[in-house]
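Novice: Here you go, one structure.
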Amino acid sequence: MTTQANVVRLTTEPSEQAQHSESHFSKAMRHLLHDRTTMIAFGILVIFGILAFGAPFITDNIIRFDPNDTDPMNNFAPLGTPGHLFGTDDVGRDQLARLLHAGRISLSIGVLGAAISLTIGLVIGLATGFLGGIFDDIINAIITTLDSLPTLYLLILVFALFSPTAGAFVVIIALVSWTGITRIIRGETLSKRSLDYVLSAQALGASSWRIMIVHILPNMVSIIAISLARIIGGLMLTEATLSFLGVGIQAPDATWGNMLTKAQTYVTSGYGTHLVFPPGIAITVTVLCLYIVGDGIRDAFDPNSRR
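Sequential numbering of the sequence shown, starting at 1, is according to this note's numbering.
Written out as structure tokens, the structure reads:
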């Protein structure tokens, strides 16, 4: 009779945990939706995303300028010039058209790179944290080795030698950015694998992967969301830094980073100083909003972090 009662109790604990998690999720989402600062930042990101990924339609049907069309007779047109709201560059290319197309590439680098890094981090972090053993030791040694390398200098060397395409650029920076999120996921998994609902699932014969995916992973939603927002911002800044150093994505493809790099060459000459502001503001606002959204998610899902 006692054994049967224990089985019933163990069987019901995961569902009770799920109800608790659902209730916590609902409360967190309600807090998040009432966080005005986070919602404003999220709204700005949505607008930027629509403008960037809708760039081909906007430039073809509204602006009516191709981002690579040149007009040397109309170079360095200032901000607010009729027909060129954000002015033109040294060869007369419309800066608004280039800014929108550049945003498409810059945001894609951040989002796709973060998705790759997060996927690697989730798989390896869950496996090492839950399974442990020799696999955990090997992965930790690899992470420690990679973290000891000067990542920026390594990227500069790789890009200077091979001049990768935008797709290869995303993959390369993602492959050197997975260690941080892996450490976080591993730590969270270690802290959760000894909790009652995980032990109950083990007692009922659930496989390790089922426990990781069904019981542990859903309880790391906030950590994943925060990490994703920060990785996106970090990768966008990495692209801008590499472009500033001359080894990022090269012309004629435009990114916010290489637009800013191109613009800074004219600052000291007194020509085209206005070219600095659109890409500079776009990068700053996007990264700032990503960090605000990340902090908002943390505050919503972790009440102890609220000030």
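By construction, the Cβ of each residue, glycine as well, lies at the ideal position given by its N, Cα and C atoms.
Count Cβ pairs between the region 35-48 and the region 57-64 that sit closer than 8 Å; are there 3 or more?
Specialist: They do not touch, by the three-pair rule.
Novice: So, at 7 Å on beta carbons, what are the nonlocal neighbours of CYS289 in its own chain, with the 5 sequence-adjacent residues on each side left out?
Specialist: Here residue 289 is taken as the residue at index 289 of the sequence shown, counted from 1. So the qualifying residues of the chain are ALA41, ILE44, LEU45.
Novice: Hey, would you say GLY272 sits closer than 9 Å to GLY87, going by beta carbons?
Specialist: In the sequence shown, residue 272 corresponds to position 272, counting from 1. In the sequence shown, residue 87 corresponds to position 87, counting from 1. Yes.
Novice: Mapping the DSSP letters down to three states, classify HIS84 as helix, strand or coil.
Specialist: Your numbering for residue 84 matches position 84 in the sequence shown. Of the three classes helix, strand and coil, the one that applies to HIS84 here is strand, per DSSP.
Novice: Judging by CA-CA distance, which residue of PHE169, THR151, ILE143 is the nearest neighbour of VAL111?
Specialist: Start at 1 with the first residue of the sequence shown, and residue 111 comes out as number 111. Minimum Cα distance to VAL111 is reached at PHE169.
Novice: Please classify TYR197: is it buried, with 16 or more other beta-carbons within 10 angstroms of its beta-carbon, or exposed?
Specialist: Counting from one through the sequence shown, the residue named residue 197 turns up at place 197. By the neighbour-count rule (16 or more Cβ atoms within 10 Å), TYR197 is buried.
Novice: Taking the alpha-carbon of LEU118 as reference, which of ASP295, ARG230, LEU51, LEU204 has the nearest alpha-carbon?
Specialist: The count along the sequence shown starts at 1 and reaches residue 118 at position 118. The option with the nearest alpha carbon to LEU118 is ARG230.
Novice: Could you have a look at ASP35 and say whether DSSP puts it in helix, strand or coil?
Specialist: The residue labelled residue 35 in the question sits at position 35 within the sequence shown. In this structure, ASP35 counts as coil in the three-state DSSP scheme.
Novice: Rounded to whole angstroms, how far is the Cβ of PRO67 from the Cβ of ARG36, which I believe are closer than 8 Å?
Specialist: Locating residue 67 in the sequence shown gives position 67, counting from the first residue. Locating residue 36 in the sequence shown gives position 36, counting from the first residue. About 35 Å; that fails the 8 Å criterion.
Novice: Please list, in chain order, all residues of the same chain as VAL293 whose beta carbon is under 8 Å from its beta carbon, the five residues on each side excluded.
Specialist: Along the sequence shown, one-based indexing puts residue 293 at 293. Excluding sequence neighbours, VAL293 sits near THR38, ALA41, PHE42, LEU45, ALA229.
Novice: Measure the alpha-carbon distance for ILE216 versus SER194 and round it to whole angstroms.
Specialist: On the sequence shown, residue 216 is found 216 positions in, with the first residue counted as 1. On the sequence shown, residue 194 is found 194 positions in, with the first residue counted as 1. If you take the alpha carbons of ILE216 and SER194, they lie about 11 Å apart.
Novice: Under a three-way DSSP split, which group does VAL171 fall into?
Specialist: Mapped onto the sequence shown, residue 171 falls at position 171. Helix.
Novice: According to DSSP, is ASP147 helix, strand or coil?
Specialist: Walking along the sequence shown from the start, residue 147 turns up at place 147. Correct three-state label for ASP147: helix.
Novice: Quick check on ALA18: does DSSP put it in helix, strand or coil?
Specialist: Residue mapping note: residue 18 aligns to position 18 of the sequence shown, counting from 1. Because the pLDDT at ALA18 is just 46, under 50, the model does not fix this residue reliably, and the value given afterwards should be weighed accordingly. Looking at ALA18 - three-state DSSP - the assignment turns out to be helix.
Novice: Can you tell me whether ASP137 is helix, strand or coil according to DSSP?
Specialist: Against the sequence shown, residue 137 aligns to sequence position 137. Looking at ASP137 - three-state DSSP - the assignment turns out to be helix.
Novice: Ordered along the chain, which non-local residues of its own chain (more than five positions away) have a Cβ less than 7 Å from that of ILE139?
Specialist: One-based indexing of the sequence shown puts residue 139 at position 139. Result list for ILE139: ILE124, THR128, in chain order.
Novice: Pick out whichever of PRO218, ASP253, THR189, VAL285 has its Cα sitting closest to the Cα of GLY104.
Specialist: For this step, residue 104 is matched to residue 104 along the sequence shown. This sequence places Arg at residue 104; Gly is not what is there. Considering only alpha carbons, the answer is ASP253.
Novice: For my contact list, ASP89 and LEU260 are in at a C-beta cut-off of 8 Å; report their separation, rounded to the angstrom.
Specialist: On the sequence shown, position 89 is the one that residue 89 refers to. On the sequence shown, position 260 is the one that residue 260 refers to. Incorrect: roughly 12 Å between the Cβ atoms, too far for contact.
Novice: For ILE142, count neighbouring C-beta atoms within 10 Å of its own C-beta (all shown protein chains included) and say buried if the count is 16 or more, exposed if not.
Specialist: Counting from 1 along the sequence shown, the entry for residue 142 is found at position 142. Burial call: exposed.
Novice: Do you know offhand how far SER269's Cα is from LYS262's?
Specialist: Mapped onto the sequence shown, residue 269 falls at position 269. Mapped onto the sequence shown, residue 262 falls at position 262. Whole-angstrom Cα-Cα distance: 13 Å.
Novice: Under a three-way DSSP split, which group does ASP90 fall into?
Specialist: Your numbering for residue 90 matches position 90 in the sequence shown. If DSSP states are grouped into helix, strand and coil, ASP90 belongs with coil.
Novice: Buried or exposed: which applies to VAL287, given that a residue is buried once 16 or more other Cβ atoms fall within 10 Å of its Cβ?
Specialist: Counted from its first residue, the sequence shown places residue 287 at position 287. Under this definition VAL287 is a buried residue.
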